[in-house]
Amino acid sequence: MRPIKPIIKYPGGKSAELKIIKKYQPKIIDNYIEPFVGGGAVFFDTLPKNKSFINDSSKELMLYYKAIKNNDEKFITFLEKINNIWMETRNIIIDNKNEYLLRYIHNLKLLKSTRTYYKHMPEFKV
């Protein structure tokens, strides 16, 4: 079985330090205990022979991991809905990229003309 990547990004995560951490890990790990799991970079990269235990000071984060561990159908459905909404939004942006580009150019021109207008009014220096 191969290690997997973390399923969420978390502030203060250990992904960047993973190579250094692995240098000091034993080659064979019987049981793994992670007191500050966060995004789980070290946890998901470690393959213990027996059991793994995780903890974090964030109760919400632990509820998240428990929902995944228990294959909570409501939670998984909710995550799928979020993913579907994101993909639909992304597709709308991709399908309408020319419109977004035209709006961007229009806004730049508008901003430039506004600056030019106020340039001649010393009380409104931009």
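Just remember that this note's numbering sits 1 ahead of the position in the sequence shown, which is counted from 1.
C-beta: ideal position from N, C-alpha, C; glycine also.
Quick one: what's residue i bridged to in DSSP?
i     : result
Ile34 : Phe54
What number of angstroms, rounded off, separates the C-alpha of residue i from the C-alpha of residue j?
i      : j      : result
Lys58  : Tyr66  : Looking at the sequence itself, residue 58 is Ser, so the reference to Lys does not match. If I take the Cα positions, the gap works out to 13 Å.
Pro4   : Ala42  : 10 Å
Lys110 : Arg104 : 10 Å
Ser114 : Tyr101 : 20 Å
Ile83  : Pro36  : 29 Å
Thr78  : His107 : 40 Å
Ile34  : Asn85  : 34 Å
Lys10  : Ile21  : 19 Å
Met88  : Asn97  : 14 Å
Below 6 Å CB to CB, which residues in the same chain sit around residue i once its five sequence neighbours on both sides are set aside?
i     : result
Lys50 : Asp31
Given residue i, which residues of its chain have a CB within under 8 Å of its CB, disregarding the five upstream and five downstream residues?
i     : result
Phe54 : Asn32, Tyr33, Ile34, Glu35
Ile29 : Lys50
State buried or exposed for residue i, treating a residue as buried only when at least 16 other CB atoms are found within 10 Å of its CB.
i     : result
Gly13 : exposed
Lys52 : exposed
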